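Using this note's numbering, the first residue of the sequence shown is number 3, and each one after it goes up by one.
Idealized CB from N, CA, C, for every residue including glycine.
From a predicted model like this one, the values you see are computed outputs, not experimental measurements.
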Amino acid sequence: MSANLKEVYQANETYNTINPELYAQYHVKQGLRNENGTGVKVGLTRICDVIGYELIDNDKKPIEGELIYRGYSVADLVKLEKSMPTICGYEITAFLLIFGQLPTPQQLKEFQYVIKHHYSNSLVFSNYRTANLLNAMQIEVLKLFGQDQNPENDSLEDRMMKGLVILSSLPLFVFSVHHKQKITTYPLPHAGFSENVLWMARNHQPYSRQEARVLDVLMMVHADHGGGNNSTFANVVISSTGTDIYSCISAAIGSLKGPKHGGAAQKVGSQTAMLLKTISNDATDDQIEALCEKILDRQAGDRSGLIYGIGHAIYTKSDPRCQLIKEEVRILAKEKQQESTFQLMARFEKAAIKTMKKRKGATVCANVDFYSGFAYHLLGIDQALYTPLFAISRCAGWIAHHLENRQNNRKLIRPANIYIGDHRQLKLDENGCPVLDKMDF
């Protein structure tokens with residue numbers, strides 16, 4: 003970009019600056035948040051419910067968190083996964099989200115076949131011009147539109163199948179690009195979806211059943227989180243225009259790329275590495291709390307003042323996803339003889355919650371990312387894959403919300419803004435014709 007144009011933009015920065023106090027003055031709910039921090043209600047859904055507090059006289063009362071998929075507690079779905087003879091929790095969850103009911107054994111078998119065989123073969127796998135995997139995923143999803151023989155077909159059944167093609171294609175593409183080696187088919191035909199993902203993510207390393215279960219549970223709890231999270235809302239907003247599912251899923255991936263949304267597990271991974279270098283297993287509670295203080299004071303960690311993996315917009319006392327992952331990670335840490343590291347993580351979690359309460363007076367809990375980052379670390383998965391794995395998992399929820407929106411023929415989502423800029427007039431020459439003035443540049 004021209005250096006002069008950059009200077010012009012900087013010189014006119016005030017034209018793009020809005021005083022935060024004006025949001026309250028004009029009664030605008032910044033970030034679609036109410037004054038008490040709750041989200042503004044903008045839609046209805048039958049897919050997922052996220053529960054973390056009760057409203058009493060417009061004040062939030064913390065309660066134990068719940069995540070509900072189609073009426074079922076995700077904790078119960080994980081129990082079901084654990085009881086199955088094969089590792090197929092993600093497939094059961096994805097089927098439930100998309101179709102609205104639990105599959106029969108025959109339906110599960112057919113669904114598993116489809117999401118491991120209905121993929122695109124034209125995968126870019128080396129020297130990809132976009133360095134960021136999330137951007138690459140967006141581009142590839144849009145390229146699927148060009149390969150579709152009838153991409154604008156608007157029947158819900160066809161949209162559903164197009165969504166399953168996206169879900170099936172994403173893992174092969176991501177791991178082909180990451181390893182710079184083309185993967186043309188799912189490598190483990192008789193294994194579950196998450197087992198294939200783990201095998202490809204670790205570039206064909208053998209795995210234990212518990213390792214596969216940890217990733218299966220991770221994918222289950224990441225599969226959806228209601229219609230209000232940013233990426234799903236972006237998907238729904240674009241779905242309301244009536245456009246194709248490829249455009250909607252690509253937009254959702256773009257949202258997930260943002261560090262305020264999908265990048266937290268990767269941040270937790272870096273934070274975990276810092277913790278293990280800074281604090282020994284025999285550190286006292288006071289030393290761990292002192293580290294939390296330093297992080298909040300921007301003297302440790304990435305100097306952002308944030309303790310990653312602690313706190314959530316909805317969950318207050320507990321994040322059910324975190325609790326489920328924590329239990330699976332505890333078992334895996336024992337298997338890998340890293341129990342002391344797990345205990346250090348648990349102590350850091352407790353110290354961070356205590357420090358946040360002391361410093362900010364807030365009741366917070368560890369969120370899904372806190373032990374997700376540690377789980378990926380134990381699984382030996384590259385940090386560059388953390389958010390792409392999130393996108394692969396969440397694709398099931400995105401498909402479900404896209405179909406729900408289209409089926410119910412909702413109005414075009416079109417919120418409003420209040421204009422608070424100046425009212426100006428163009429300068430006129432002696433003939434009354436508008437002219438540009440130097441002051442306008």
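query: With DSSP run on the structure shown, which of helix, strand or coil describes residue 262?; result: coil
query: DSSP puts residue 52 in a beta bridge; with which residues?; result: 69
query: Pick helix, strand or coil for residue 62, following the three-state DSSP scheme.; result: strand
query: Where DSSP assigns a beta bridge to residue 436, which residues make up the other side?; result: 430
query: Measuring alpha carbon to alpha carbon, tell me which of 4, 402, 369 ends up nearest residue 241.; result: 402
query: Who are the near neighbours of residue 149 in its chain, counting only those whose CB is closer than 7 angstroms to its CB and skipping five residues on each side?; result: 122, 124
query: What first and last residue would you give for the alpha helix (DSSP H) that runs through residue 86?; result: That residue, residue 86, is in no alpha helix (DSSP H); it is neither H nor E in DSSP.
query: Closer than 7 angstroms by C-beta to residue 132: which residues in its own chain qualify, once you throw out the five before and the five after it? Chain order, please.; result: 138, 141
query: Do the stretch 373-387 and the stretch 331-338 meet, that is, are 3 or more Cβ pairs less than 8 angstroms apart?; result: yes
query: Do you know whose CA, among 200, 249, 189, 92, lies nearest residue 164's CA?; result: 249
query: Taking the straight line between their C-alpha atoms, what separation do you get for residue 434 and residue 424?; result: 22 angstroms
query: Out of 195, 197, 171, 194, which one is the CA nearest neighbour of residue 185?; result: 171
query: So, are the CB atoms of residue 336 and residue 67 less than 8 angstroms apart?; result: no
query: For residue 436, count the other beta carbons within 10 Å of its own beta carbon; 16 or more makes it buried, fewer makes it exposed. Which is it?; result: exposed
query: Do you know how far the Cα of residue 7 is from the Cα of residue 352?; result: 50 angstroms
query: Evaluate the contact criterion for the stretch 259-273 versus the stretch 376-392: three or more CB pairs, one atom per stretch, below 8 angstroms.; result: yes
query: Apart from the five residues just before and just after residue 201, which ones in its own chain have a Cβ nearer than 8 angstroms to its Cβ?; result: 189, 190, 193, 207, 209
query: According to DSSP, is residue 135 part of a helix, a strand, or is it coil?; result: helix
query: Taking the continuous alpha helix (DSSP H) assigned at residue 107, which residues delimit it?; result: 107-119
query: Buried or exposed for residue 381, please, with buried defined as at least 16 other CB atoms from any protein chain shown within 10 angstroms of its CB.; result: buried
query: What residue range is occupied by the uninterrupted alpha helix (DSSP H) comprising residue 304?; result: Note, residue 304: premise wrong, no alpha helix (DSSP H); not H, not E.
query: Are the stretch 106-123 and the stretch 219-230 touching by the rule of at least three beta carbon pairs closer than 8 angstroms?; result: no
query: Residue 239 to residue 406, Cα distance in whole Å?; result: 12 angstroms
query: Under 8 angstroms, with one C-beta from each stretch per pair, do the stretch 251-261 and the stretch 358-365 reach the 3-pair mark?; result: no
query: Just the C-alpha distance for residue 290 and residue 354, rounded to the nearest angstrom, thanks.; result: 8 angstroms
query: With distances taken Cα to Cα, identify the nearest neighbour of residue 343 among 420, 277, 99, 75.; result: 277
query: Determine the extent of the alpha helix (DSSP H) in which residue 240 is found, giving its start and end residues.; result: 232-241
query: Are the CB atoms of residue 422 and residue 20 within a distance shorter than 8 angstroms?; result: yes
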